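Contents: one structure, followed by commentary.
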Amino acid sequence: MTNAARTLLDQALKLSVEERAALAHDLLASLDGAPDEDVDDAWAAEAERRAKKLLSGEDPGHAWDDVCARLLDEFGR
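Residue numbers (the working numbering): 32 to 108.
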């Protein structure tokens with residue numbers, strides 16, 4: 032760690048818990064880079080496609096009890 036980074040860390044550790052949490056959140060978010068609008072658009076289109084199939088009855092979906100039972104079988108309690 033550079034001296035500059037160490038100085039920043041020392042200063043950050045003097046912040047309140049809330050301020051440190053907000054700072055940590057922002058620092059972690061900065062590692063993700065800029066959002067990819069193409070990916071966001073693709074997910075929005077996929078959600079719309081799935082909703083239309085569900086609402087039209089083309090895809091009946093799955094009962095929660097069945098989904099829950101499958102998850103418990105696969106991953107346990």
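Quick reminder that beta carbons are idealized off the backbone N, C-alpha and C, glycines included.
If you're wondering where the values come from, they're calculated on a predicted model, not measured in any experiment.
Asked, Found
"Cβ-based neighbour list, Leu85, same chain, cut-off 7 angstroms, excluding 5 preceding and 5 following", "Gly92"
"Range of the contiguous alpha helix (DSSP H) that encloses Ser87", "Glu68 to Ser87"
"Beta-carbon gap between Ala43 and Leu54 smaller than 9 angstroms", "yes"
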